[in-house]
Amino acid sequence: MPTSKLAQPLDSARGRPIPVAVRVDRFSYAIRNIVTAAQALEARGTRVRYLNIGDPVAFGFQTPAHLIEAVTRAMRDGHNGYLPSAGILEAREAVAAEYAARGVAVSPDRVVMTTGTSEGIDLALNALADEGDEVLVPSPTYPLYTAVLATINARPRYYRTDPNHEWLPDLEHLRTLVTPRTRVLVIIDPNNPTGAVYPPAVRRALIEFAERHGLTILADEVYADTTFDGPSPLLSTLDPDAPIISLSSLSKAYLAPGWRTGWMVVSATPRLDNVLAAVKKLADGRLCSPAPMQHAVVAALTGDRSHQVRFRRALAERARVTFDALNAIPGMRCVLPRAAFYAMPALSLPPGRTDEDYILELLRATGILCVYGSGFGMRPEEGTFRIVFLADPAELRAIYADIAAFTRDYLARSS
Ligand SMILES: Cc1ncc(COP(=O)(O)O)c(C=O)c1O
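One point on numbering: in this note's numbering, the residue at position 224 of the sequence shown is 224, and numbering is uninterrupted.
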């Protein structure tokens, strides 16, 4: 049989690696990327202490029983099919009632149930930013914002937050970054990775700034209920007419990160009606967020929250242990976190050294895995890194003793 002409190119493609889309090169999520180095170490028999991912369940904090009961009951009752893409009405009503109780009047049709805050970030940025548009993100940032912008081919512009001022946004710097392409202001408050909580005056200034420039605010409020001295007010309470999209989930304050269940609330201003419609249109494409877990949202927002009181107390204690131990290390400075379970210390690095270099050496020498600050948009020479302080206080003290010993040696060797 004669060889087909088509057979030639097919045969010559055989064995060649399949190319991936170039946008993947721009996509970076250091919190997980760094795990590869840790796994290589584990494979050689070193015990790794993972302080890279903010998962309270991994450190023994337990999902409240009534939420688990709600999910299992929903499954047993047959709530295992697809849902409307915005989610079940009961969950959207529970979210709307929660926002109303906290001073933000919003109807359930402005609530979209999401696959975690993460999907809310993805949906909102896709609805708001075109290729070449610009989005203001804090530095340091939670890295999913810049990763999603990379897939859209939109541009992050980092606004400084200042460790010398409790990691609050530098409003002067923010003002210099606006261009005709700026579309969105991302506010992460309470903040990951710094643990900062913004006072009302700063929050008001951020809203005024966004209003002056016609920007939509993406308010990441996933840590609102982890503020140590009691839940933080929602941003929209300061201005119900401002164009604010609020994002949160069951992951942190309800101790169920693996359920991938959250919500987006689009503020009541008619200026956001088109954005809400766009989000719902995009959400149609992924059918729905996990169905049984949406029943747990009802249980979470209408049921007992005493676990949050205990959780906040445990976090405040760990934050203090972290602050005291890290500030006792020569060359290291750390701001006291006021919420969540992260601290962002900075080490004065010897010339030529980078945050990544320090963190990888720390990992190899001690098995302690933190994430370097440049993974959150900081400059490598600033020497910042993020610690997740969810471990038991006694274990944290042991970890910080190891970090202190290593750091002394690292600085002595490098100078
Ligand atoms: C600031 C911030 N936003 C969003 C997320 C993602 O949360 P979720 O589990 O709700 O998707 C995290 C997770 O660590 C976070 O820290």
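Idealized CB from N, CA, C, for every residue including glycine.
Since the model is a prediction, treat every value here as computed from it, not as a measurement.
Segment contact: the region 103 to 111 against the region 185 to 198, fewer than three CB-CB distances shorter than 8 Å; contact not assigned. The residue among 17, 113 and 98 with its C-alpha nearest the C-alpha of residue 84 is 113.
At the C-beta level, residue 29 and residue 377 stay beyond 9 Å of one another.
In the DSSP assignment, residue 188 forms a beta bridge with 220.
For residue 42, the enclosing alpha helix (DSSP H) starts and ends at 35 to 43. For residue 98, the shortest C-beta to heavy atom distance toward ligand 1 is 8 Å or greater.
Distance from residue 150 to residue 207 at the Cβ level is roughly 27 Å; contact not present, criterion being Cβ atoms closer than 8 Å.
Put simply, of 167, 96, 234 and 282 the residue whose alpha carbon is nearest the alpha carbon of residue 345 is 167.
Assignment of beta-bridge partners to residue 248 by DSSP yields 263. With fewer than 16 other beta carbons inside 10 angstroms of its own, residue 415 counts as exposed.
Look at the region 61 to 114 and you find these whole runs of beta strand (DSSP E), each 3 residues long or longer: 111 to 114. With 16 or more other Cβ atoms from the protein chains shown falling within 10 Å of its own Cβ, residue 119 counts as buried. Considering only 153, 197, 50 and 274, the residue with the shortest C-alpha distance to residue 169 is 197. A Cβ closer than 6 Å to some heavy atom of ligand 1 marks a residue here, and those residues are 54, 116, 117, 118, 142, 188, 192, 220, 222, 249, 251, 257 and 262. Secondary structure note for residue 136: its beta strand (DSSP E) is the uninterrupted segment 134 to 139. Taking the C-beta atoms as reference points, residue 233 is found no nearer than 9 Å to residue 267. When the beta-carbon positions are compared, residue 179 and residue 134 come within less than 9 Å of each other. DSSP places residue 300 within a helical segment (H, G or I) once states are collapsed to three. Nearest in C-alpha terms to residue 298, of all of 97, 360, 362 and 251, is 97.
Listed in chain order, the non-local C-beta contacts of residue 125 below 8 Å within the same chain comprise 135, 145, 148, 149, 152, 154, 184 and 218, local neighbours out to five positions each way being set aside. In terms of Cα proximity to residue 338, the closest of 284, 381, 72 and 224 is 224. Between residue 255 and residue 393, the gap from beta carbon to beta carbon reaches 9 Å or more. Taking the C-beta atoms as reference points, residue 263 is found nearer than 9 Å to residue 248. Nearest Cα to residue 334 within the set 250, 31, 172 and 384: 384. Secondary structure at residue 311: helix, using DSSP grouped into helix, strand and coil. Counting only residues of its own chain and dropping the five nearest sequence neighbours on each side, residue 402 has a CB closer than 8 Å to the CB of 366 and 368.
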